[in-house]
Amino acid sequence: MMFRSAAVAALLALASPVYAAKPATDLAGTWLFAPSDDYPGLRMMRLSRGATGWQGMVTSDWYGDLRMRGLEVEGGSLSFLIDNGNPRLPARRWTAEPSGSGMHVTGDIWHRHVDTQVRRGTPADAARLAFPTYPLPAPATLKPDGQASTPPMEWSSWNHFAAAIDDRTIREIADHLVSSGLRDAGYRYINVDDGWQGDRAPDGTIRPNARFPDMKALADYVHARGLKIGIYSSPGPKTCAGFVGSHGHVAQDAASFAAWGIDYLKYDLCSGEGLYRTAAEVKLAYQEMGQALRATGRPIVYSLCQYGRDRVGTWGRDVGGHLWRTTGDIEDTYASMSGIGFDRNGDPAAAGPGGWNDPDMLEAGNGGMSDDEYRTHMTLWAIMAAPLMLGNDLRTMSPATIALLENRGVIAIDQDPLGRQGRRIRKDGGAEIWAKPLRDGSVAIALFNRSEAARPVAFTAEDASLKRIGSLRDVWAGVPDNPARRSWTLPAHGAVLLRLK
Ligand code: GLA
0 MMFRSAAVAA LLALASPVYA AKPATDLAGT WLFAPSDDYP GLRMMRLSRG ATGWQGMVTS
60 DWYGDLRMRG LEVEGGSLSF LIDNGNPRLP ARRWTAEPSG SGMHVTGDIW HRHVDTQVRR
120 GTPADAARLA FPTYPLPAPA TLKPDGQAST PPMEWSSWNH FAAAIDDRTI REIADHLVSS
180 GLRDAGYRYI NVDDGWQGDR APDGTIRPNA RFPDMKALAD YVHARGLKIG IYSSPGPKTC
240 AGFVGSHGHV AQDAASFAAW GIDYLKYDLC SGEGLYRTAA EVKLAYQEMG QALRATGRPI
300 VYSLCQYGRD RVGTWGRDVG GHLWRTTGDI EDTYASMSGI GFDRNGDPAA AGPGGWNDPD
360 MLEAGNGGMS DDEYRTHMTL WAIMAAPLML GNDLRTMSPA TIALLENRGV IAIDQDPLGR
420 QGRRIRKDGG AEIWAKPLRD GSVAIALFNR SEAARPVAFT AEDASLKRIG SLRDVWAGVP
480 DNPARRSWTL PAHGAVLLRL K
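First residue of the sequence shown: 0, per numbering that gives the first Met the number 0; consecutive thereafter.
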């Protein structure tokens with residue numbers, strides 16, 4: 000169906016009052032979607048006609064009020080655009096046409112096609128279904144709190160388990176972090192990602208779902224093993240996997256986390272991108288939780304996850320963040336890992352003690368890459384001083400995976416107290432040379448072969464900003480090598496990591 004402009008519709012209304020006036024009065028008011036837990040949780044449409052023409056709003060559980068843009072009314076039918084769950088994406092067109100005593104509504108949002116019916120509601124329905132708004136805090140700058148002096152080392156549930164997690168699995172993972180030796184290699188946080196949340200109590204307190212019967216007991220269990228525990232939420236009403244987020248309950252949730260003994264929070268924008276529509280609003284939403292965490296008095300590492308937008312490295316610390324994602328989600332493929340590791344790892348100038356670029360969690364051990372590719376993954380993350388977040392099932396690791404994850408020399412480069420993020424020094428076709436200065440005056444050099452065939456890769460003393468190289472260590476092998484050696488033959492997608500003095 001073609002839609003004429005609002006001006007044409009207004010002229011038609013004048014020329015043909017009998018035809019046009021009736022739908023006008025019919026359409027105004029509240030239209031109810033059938034209640035559903037499905038994404039995007041459509042609640043209602045509201046339509047009104049003012050001096051400037053028709054206006055409307057679609058209200059959803061995920062994104063709150065989405066304004067109808069370019070709204071055109073013809074007869075009893077509507078056509079309009081709404082933001083696609085995210086103001087950065089092209090808007091999507093929806094239509095509503097008379098159907099029985101209601102309207103038939105079709106449109107698209109994010110990955111979902113909507114094809115449903117609305118029926119008339121009352122002002123009381125509109126009040127009941129109204130989406131609440133909460134003020135954001137005034138801009139403030141939080142002082143450093145001394146946490147995360149080196150990049151956090153942890154295990155996180157998401158890459159392997161997604162939302163299929165429970166108390167028992169988390170306890171088993173904690174046990175295996177200890178028994179595998181990985182705790183003693185430096186991995187300290189057990190982070191429960193999306194999927195632990197249940198509902199809210201009548202007073203608004205967040206409750207875990209049935210798979211997590213007692214969060215405090217779980218935290219005690221983890222703490223008793225010399226580990227710390229992390230949890231996950233969102234500034235939006237819904238998390239990315241559709242669980243309840245902290246919108247409207249920020250201080251209350253921070254207090255719950257602290258009372259349970261939580262030591263780390265990953266705060267994921269998710270549906271908040273529909274509500275917080277400008278970079279300034281997103282920053283304030285993160286600041287709000289940063290302040291709430293500080294107000295608990297408990298040291299809680301704060302991980303910002305808004306996919307590296309809005310130059311987050313320039314303001315992540317100011318809102319209390321200790322790490323911030325530089326990218327969308329990693330996948331267990333060489334293409335995904337190398338795309339992030341080589342090119343979307345954040346501005347090195349932003350990283351240092353107390354605040355780190357987070358190129359997302361490790362996939363090592365999940366099976367989608369070759370041993371050489373996983374070695375490249377660990378080498379890249381170490382040379383860029385990235386947080387090291389294990390993402391595999393620690394209960395079924397092979398000895399080779401443990402060896403990959405626990406190499407003390409590699410971890411020492413990642414965790415070097417100088418806290419400098421390494422950079423690419425040179426690129427030569429598929430060969431790359433990266434360098435990271437270390438606290439004791441030595442330099443880590445990583446050589447990479449990004450091509451599809453084995454090839455030699457060489458570095459120079461100038462690449463390392465060293466006049467003379469007195470000692471050279473092959474970090475993965477854990478052995479000294481000839482200080483005069485400059486070239487290594489690397490397998491396809493392979494890497495070597497050196498420590499020079
Ligand atoms: C987003 C994040 C992931 C993970 C999921 C959970 O995609 O980027 O790291 O936390 O949400 O739903």
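Glycine is no exception: its CB is placed at the ideal position from the N, C-alpha and C atoms.
Who are the Cβ neighbours of residue i in its own chain at under 7 angstroms, not counting the five residues just before and after it?
| i | result |
| --- | --- |
| Ala-6 | Interpretation of Ala-6 is limited by its pLDDT of 43, a score under 50 that renders its predicted location unreliable; no figure is taken from the coordinates. |
| Val-249 | Glu-287, Met-288 and Ala-291 |
| Pro-482 | Ile-468, Gly-469, Ser-470 and Leu-471 |
| Arg-66 | Met-56 |
| Ala-278 | Asp-309 |
| Val-311 | Leu-303, Gln-305 and Trp-323 |
| Leu-489 | Leu-446, Asn-448, Ala-453, Arg-454, Val-456 and Val-495 |
| Asp-317 | Thr-140 and Leu-141 |
| Gly-327 | Tyr-306 |
| Thr-295 | Ala-253, Ala-254 and Ala-257 |
| Asp-25 | Gly-75 |
| Thr-204 | Gln-251 and Ser-255 |
For residue i, which residues from the same chain have a beta carbon less than 6 angstroms from its beta carbon, with the 5 sequence-adjacent residues on both sides left out?
| i | result |
| --- | --- |
| Ser-397 | none |
| Leu-80 | Arg-68, Gly-69, Ala-90 and Arg-92 |
| Arg-498 | Ser-441, Ala-443, Arg-472 and Val-474 |
| Lys-237 | Trp-61, Gly-244 and Ser-270 |
| Thr-378 | Ala-445, Ala-494 and Leu-496 |
| Gly-273 | Tyr-62 and Gly-84 |
| Leu-77 | Ala-95 |
| Met-383 | Asn-344, Gln-420 and Gly-421 |
With distances taken Cα to Cα, identify the nearest neighbour of residue i among the options.
| i | options | result |
| --- | --- | --- |
| Ile-412 | Arg-394, Ser-450, Trp-475 and Met-368 | Trp-475 |
| Pro-234 | Val-243, Lys-215, Ile-228 and His-492 | Val-243 |
| Arg-210 | Gly-319, Gly-197, Tyr-220 and Arg-182 | Gly-197 |
| Thr-149 | Phe-458, Arg-438, Asp-462 and Glu-431 | Arg-438 |
| Lys-426 | Gln-414, Phe-447, Gly-408 and Lys-466 | Phe-447 |
| Ala-385 | Pro-416, Asp-183 and Ile-401 | Pro-416 |
| Val-113 | Thr-132, Asp-37 and Gly-99 | Asp-37 |
| Asp-462 | Asp-480, Thr-488 and Ala-434 | Ala-434 |
| Val-221 | Leu-489, Ile-189, Gly-307 and Ile-339 | Ile-189 |
| Thr-395 | Gly-28, Gly-364 and Asp-165 | Gly-364 |
| Thr-121 | Gly-28, Asp-193, Gly-319 and Gly-101 | Gly-28 |
| Asp-219 | Asp-331, Ile-205, Leu-274 and Ala-173 | Ala-173 |
| Pro-540 | Asp-165, Pro-138, Leu-88 and Arg-224 | The displayed coordinates of the chain run from 0 to 500. Any statement about residue 540 would go beyond what the structure contains. |
| Ala-466 | Asp-480, Lys-500 and Leu-268 | Residue identity check: residue 466 is Lys in the sequence provided, not Ala. For Lys-466, the nearest C-alpha among the options comes from Lys-500. |
| Glu-171 | Met-152, Val-191 and Ala-184 | Val-191 |
| Pro-436 | Ser-464, Val-409 and Ala-126 | Ser-464 |
| Thr-132 | Glu-330, Gly-247 and Glu-451 | Gly-247 |
| Cys-239 | Trp-109, Asp-213 and Asp-82 | Trp-109 |
| Arg-347 | Ile-401, Ala-399, Trp-380 and Thr-168 | Note that residue 347 is Pro in the sequence shown here, rather than Arg. Measuring from the Cα of Pro-347, the nearest candidate turns out to be Trp-380. |
Leaving out five residues on either side along the sequence, give the residues of the same chain with a beta carbon under 8 angstroms from the beta carbon of residue i.
| i | result |
| --- | --- |
| Ala-147 | Val-300, His-321, Leu-322, Pro-352, Gly-353, Gly-354 and Trp-355 |
| Trp-487 | Leu-446, Pro-455, Val-456, Ala-457 and Val-495 |
| Arg-485 | Ala-457, Phe-458 and Thr-459 |
| His-159 | Asn-365, Gly-390, Asn-391 and Asp-392 |
| Ser-100 | Arg-118 and Arg-119 |
| Asp-480 | Leu-471, Arg-472, Asp-473 and Leu-497 |
| Ala-200 | Arg-206 |
Going by beta-carbon coordinates alone, are residue i and residue j separated by less than 9 angstroms?
| i | j | result |
| --- | --- | --- |
| Asn-391 | Glu-362 | yes |
| Arg-42 | Ser-59 | yes |
| Gly-421 | Arg-449 | no |
| Leu-128 | Leu-31 | yes |
| Ala-350 | Arg-419 | yes |
| Leu-226 | Arg-297 | no |
| Trp-61 | Gly-40 | yes |
| Gly-229 | Lys-265 | yes |
| Ser-155 | Leu-389 | yes |
| Asp-144 | Arg-293 | yes |
| Gly-194 | Ala-163 | yes |
| Asp-359 | Thr-325 | yes |
| Ala-184 | Leu-403 | no |
Under 8 angstroms: does the beta carbon of residue i sit that close to some heavy atom of ligand 3?
| i | result |
| --- | --- |
| Trp-380 | Ligand 3 is absent from the structure shown, which contains only ligand 1. |
Any beta carbon from chain B within less than 9 angstroms of residue i's own beta carbon?
| i | result |
| --- | --- |
| Ser-245 | In the structure shown, chain B cannot be found, because there is only a single protein chain. |
Notebook entry, point to check: Is the segment 363–376 touching the segment 486–496, taking contact as three or more C-beta pairs under 8 angstroms?
Noted result: Three or more pairs of CB atoms, one per stretch, sit closer than 8 angstroms, so the segment 363–376 contacts the segment 486–496.
Margin query: For the pair the segment 112–126 and the segment 249–263, tell me if three or more CB-CB distances fall below 8 angstroms.
Written below: Under the 8 angstroms Cβ criterion, the segment 112–126 does not count as touching the segment 249–263, having fewer than three qualifying pairs.
Next item on the list: Output the residue ranges of the beta strand (DSSP E) runs that lie fully inside the segment 378–414 and measure 3 residues or longer, sorted by chain position.
Entry: Taking 3 residues as the minimum length, the beta strand (DSSP E) runs contained wholly in the segment 378–414 are 387–389, in order along the chain.
Notebook entry, point to check: For the segment 90–122, which segments carrying the beta strand (DSSP E) assignment without a break, of at least 3 residues, lie completely within its bounds, in sequence order?
Noted result: Look at the segment 90–122 and you find these whole runs of beta strand (DSSP E), each 3 residues long or longer: 91–98, 101–108 and 111–119.
Checklist line | 3 or more residues per run - each beta strand (DSSP E) lying fully within the segment 297–373 | finding: Within the segment 297–373, the complete beta strand (DSSP E) runs of at least 3 residues fall at 300–304, 322–324 and 355–357.
Notebook entry, point to check: Mind pulling the alpha helix (DSSP H) runs of 4 or more residues that sit fully within the segment 169–241?
Noted result: Counting only runs of 4 or more, we get 181–184 and 214–222.
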